[in-house]
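K.L.:
In my numbering, the protein residues as written are 705 to 1608.
Note that CB positions come from ideal geometry on N, CA and C, so glycine has one too.
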């Protein structure tokens, strides 16, 4: 009897487990919703691998979430379309109206060209999250969205939306996030936004909004992030913004604000970041404004007309990390820098003001400081020039200072004494009748010789300058073609930048480490944890207290080159951030002679060590990376370099592109390392200390075939050698430039022809196992490598087109994915050339999109400093991922000319 009870109990438990399992595994029980999903699959051109037609959507369809057998969420962000879907993408999502329980729809990064349909506001009543970021959406924001009473987050940034912001959005009482940034919206900010009592983030930046900032925004108690930058909000800053007690970030840069900063902003106790630069604000800054902002880390005040003394409280903020007060009218004796600052790695920019007086011997915890273009006099204290910029001042024994007359006039106007650059004043002229005796004849002859020498030298300099002007004019077009951000035509459709418009300063520096922490993590830098010696320091593996693996770079400051590389790398990470860069976790600068940088550990090391590795089998055989992984690595490295060349402004040159600088994480995702050699591309001008440090005077060593290593074209050449390493398996090519390597390249490139696919099989890595389709991809990568290795730097393709070619290798070798594999015709080869070499000549209508407001301004006039506007030389710097309605390519280069250069 007891056994029977136990058996019955076991059966009940099994049935309960089965019931619970079935309950957790929710199946779609609505035939109409299944039909709607199938229609959506067809209209959007989604791949069968993501939404397999014969399986249950709730359990086997990627990005589909169900509740109680009904579709509750759809996430197609990052999905790839079928060939047919790519040929005609549009905002065709009418099937969503049948998903009556849909709570969120995320299509960020998925191209949906067209307007948001008005029925969204009527047919999606359960919607809580709508995310259409970077989806090529155009047209107005529908008024009907104001009917989505449950909506909590609305993301519409990085699109082509135009028209005014509908006031109906002020009815969304549950709204927590509203992001309409980087569009072409006009009109005023609706005053009824003040009713959005649950709003925590409001981002309306980079539009064409006008009018004053609604004072009612100061009544939103829950608001933490407010970004209204890059608009035309002409007026003063409302004092009501000081009521935002939970505000963490305030960004009002690049508007036409006037007046002064309201002292009421001192009530923003939780404020971490304040940006109000380039507005035209004027007046004195009250010291009380900053005295209570103990959490403030970033303050951007540049490009205004603030005058008077710089508030001492601003320099004493305990959490300050970045202070940019440049290009104002601040004056007075240079204030003392507080030693009470708790943060490390602090950056101050006080350039282009009117500070005077002398320098102190201590700058507290400030790591980098720019005091250029002021009127500071006296001597520079010993040991303080390593982290300070002092150009265009009145200092003694320092190069590139103001003229004597300029400094004298400044100090005389203020009734201050000037040290005359440390030299005594000239004596009074002699009295009449007491002229000095004539100089001896020998002295006169000596002066004649000096005068003749000076005139001859001056004539030589004039001739030299004329020659340089002639050469520079001749090379101007070449330099424009080499620039990473040059106007080489639109990026092919589908490339979506992976970083924000304005990377957050110091986003990667995070917490610094103590020397004791690093000693413990690396076993006191013992030999057991030593990895290798690099040109910028020794690398050690280690483990933090929580067990997280890290790599620690030990930099010896007694070496001038290592010291400069450390400062360059620290500065680079303080300004730039991207998923394809090796993550910098922190640094340690306690020791004067030895510094440390701490990186995230990359399990697969670098490409040089991972291309071939010893297997775990008993025979210790050597195995190589398969082709799919190699192509993945090539694309990842191209993404990182494309960010440096095209998304950074000004463009950044890596200068050390080789297999050992391509780091690989546990999934063989690329992280670019060896960033101690980066610098600004030649020809770009920048006046900020944050970029001037990256400009190295010794960094113009010659590159291949006479090109300079301070151009993006040099990176492209080096990347071409990396691609050949992946194709041929020949290690060491990317790190060498000797005669043997050049001979090998010349021989290898002879086997790469766009007319003969089989020829490339003679140079392919014999360890690769590839079929016919993969052979076409290998062939395509070889063609891309060859274009990168063009001996003429101006003929090398920009990195963004290299990335596009690697992402679509079959388009390089086939006319389309349904072809029989035959070579392209002459016209199709011209299309390839246009895609890989980019634009050389552009239509006058290239910068205009039919039916869309031009980014140069509503009135058609260019607005300097705005996205899409042109700087000096006609170079376009744009981070917007807007796409033109039709891409206009110029006459392409002929590949036959390139082949003749290699003798094939």
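Among 1010, 747 and 1257, whose alpha-carbon lies nearest the alpha-carbon of residue 1243?
P.N.:
Of the listed residues, the one whose Cα sits closest to residue 1243 is 1257.
K.L.:
Would you list, in sequence order, the uninterrupted alpha helix (DSSP H) runs of no fewer than 4 residues that lie entirely inside the segment 1330-1366?
P.N.:
For the segment 1330-1366, whole alpha helix (DSSP H) runs of length 4 or above, ordered along the chain, are 1331-1346.
K.L.:
Note the first and the last residue of the continuous alpha helix (DSSP H) segment covering residue 1425.
P.N.:
Residues 1416-1432.
K.L.:
Just the C-alpha distance for residue 842 and residue 818, rounded to the nearest angstrom, thanks.
P.N.:
Using only the alpha carbons, I get a separation of about 5 Å.
K.L.:
Using the DSSP secondary-structure output, state which residues sit across from residue 1633 in a beta bridge.
P.N.:
The displayed coordinates of the chain run from 705 to 1608. Any statement about residue 1633 would go beyond what the structure contains.
K.L.:
Along the chain, where does the beta strand (DSSP E) that runs through residue 1272 open and close?
P.N.:
Run containing residue 1272: none in the beta strand (DSSP E); it sits in the alpha helix (DSSP H), 1264-1279.
K.L.:
Output the residue ranges of the alpha helix (DSSP H) runs that lie fully inside the segment 730-780 and measure 4 residues or longer, sorted by chain position.
P.N.:
DSSP runs (the alpha helix (DSSP H)) wholly in the segment 730-780: 735-748 and 761-764.
K.L.:
Given a threshold of 16 other Cβ atoms within 10 Å of its Cβ, counted over all protein chains shown, does residue 1327 qualify as buried or as exposed?
P.N.:
Exposed, since its Cβ has fewer than 16 Cβ neighbours within 10 Å.
K.L.:
Taking only the alpha-carbon atoms, compute the straight-line gap between residue 1307 and residue 751 and give it to the nearest angstrom.
P.N.:
Their Cα atoms are separated by approximately 32 Å.
K.L.:
Can you give me the Cβ contacts of residue 903 inside the same chain, cut-off strictly under 7 Å, excluding the 5 residues immediately before and after it?
P.N.:
Taken in chain order, the residues that qualify are 879, 880, 882, 924, 926 and 927.
K.L.:
Alpha carbons only, please: which of 836, 853, 755 and 856 is nearest the one belonging to residue 865?
P.N.:
Cα-wise, what sits closest to residue 865 is 836.
K.L.:
Alpha carbon to alpha carbon, how far is residue 996 from residue 1083?
P.N.:
Using only the alpha carbons, I get a separation of about 35 Å.
K.L.:
By DSSP's criteria, residue 1104 is part of a beta bridge. Which residues make up the other side?
P.N.:
Bridge partners of residue 1104: none, in fact.
K.L.:
Rounded C-beta distance between residue 1438 and residue 1446? I'm assuming under 8 Å.
P.N.:
Rounded, the Cβ-Cβ distance is 13 Å, inconsistent with contact.
K.L.:
By DSSP, does residue 1236 sit in helix, in strand, or in coil?
P.N.:
If DSSP states are grouped into helix, strand and coil, residue 1236 belongs with the strands.
K.L.:
Quick one, which of 838, 920 and 844 has its alpha-carbon nearest residue 874's?
P.N.:
Considering only alpha carbons, the answer is 920.
K.L.:
Let's test the definition: count the other Cβ atoms within 10 Å of the Cβ of residue 1165 and tell me whether it reaches 16, buried, or not, exposed.
P.N.:
Classification of residue 1165: exposed, given that the 10 Å Cβ count is below 16.
K.L.:
In this structure, what does DSSP give as the bridge partners for residue 859?
P.N.:
BP columns for residue 859 point to 835 and 883.
K.L.:
When you compare the CB positions of residue 900 and residue 884, do they come within less than 8 Å of one another, or not?
P.N.:
Cβ distance not < 8 Å, so residue 900 and residue 884 don't count as in contact.
K.L.:
So which of 1337, 1511 and 971 has the shortest CA-CA distance to residue 998?
P.N.:
Of 1337, 1511 and 971, the residue nearest in Cα terms is 971.
K.L.:
Kindly indicate which residue of 1062, 1221, 1505 and 1376 has the alpha-carbon position closest to the one of residue 1040.
P.N.:
The candidate whose alpha carbon is nearest that of residue 1040 is 1062.
K.L.:
Which residues bound the alpha helix (DSSP H) around residue 1226?
P.N.:
From DSSP, residue 1226 is part of no alpha helix (DSSP H); its letter is neither H nor E.
K.L.:
So is residue 816 buried or exposed if we call it buried at 16+ other beta carbons inside 10 Å?
P.N.:
Residue 816 should be labelled buried.
K.L.:
Leaving out the 5 sequence neighbours to the left and right, which residues in its chain are closer than 8 Å to residue 1034 when beta-carbon positions are compared?
P.N.:
Here the set comprises 1010, 1011, 1012, 1013, 1014, 1054, 1057, 1058 and 1059.
K.L.:
Could you tell me the distance, in whole angstroms, from the CA atom of residue 1277 to the CA atom of residue 1476?
P.N.:
In a straight line, the C-alpha of residue 1277 is about 43 Å away from that of residue 1476.
K.L.:
From this set, 1329, 937 and 1340, which residue's C-alpha is nearest residue 1471's C-alpha?
P.N.:
Nearest of 1329, 937 and 1340 to residue 1471, Cα basis: 1329.
K.L.:
Counting only the same chain and skipping the five closest in sequence on each side, list residues whose C-beta sits under 6 Å from that of residue 1361.
P.N.:
Once the five neighbours on either side are set aside, the close Cβ partners of residue 1361 are 1419, 1422 and 1423.
K.L.:
Decide if the segment 760-776 is in contact with the segment 785-797; the criterion is three or more beta carbon pairs, one per stretch, under 8 Å apart.
P.N.:
Flag = no, the segment 760-776 and the segment 785-797 do not touch.
K.L.:
Here's the rule I'm using: 16 or more other beta-carbon atoms within 10 Å means buried, otherwise exposed. How should residue 1358 be labelled?
P.N.:
It counts as buried.
K.L.:
Can you round the beta-carbon distance between residue 1245 and residue 1374 to whole angstroms, since I take them to be within the 8 Å contact cut?
P.N.:
Not really, about 20 Å apart at Cβ, beyond 8 Å.
K.L.:
Cβ atoms of residue 1292 and residue 1222: under 8 Å apart, would you say?
P.N.:
A contact, by the Cβ cut-off of 8 Å.
K.L.:
Rounded to whole angstroms, what is the Cα-Cα separation between residue 1275 and residue 1263?
P.N.:
In a straight line, the C-alpha of residue 1275 is about 18 Å away from that of residue 1263.
K.L.:
Apart from the five residues just before and just after residue 1121, which ones in its own chain have a Cβ nearer than 8 Å to its Cβ?
P.N.:
These residues qualify, in order along the chain: 1115.
K.L.:
Excluding the 5 residues flanking residue 1204 on each side, which residues of the same chain have their C-beta closer than 6 Å to its C-beta?
P.N.:
Here the model assigns residue 1204 a pLDDT of 32, short of 50, so the residue's position is not dependable, and the following value carries that caveat. Around residue 1204: no qualifying Cβ.
K.L.:
Quick check on residue 1081: does DSSP put it in helix, strand or coil?
P.N.:
Reduced to three states, the DSSP call for residue 1081 is strand.
K.L.:
Beta carbon of residue 951, beta carbon of residue 930: below 8 Å?
P.N.:
For residue 951 and residue 930, yes; Cβs fall inside 8 Å.
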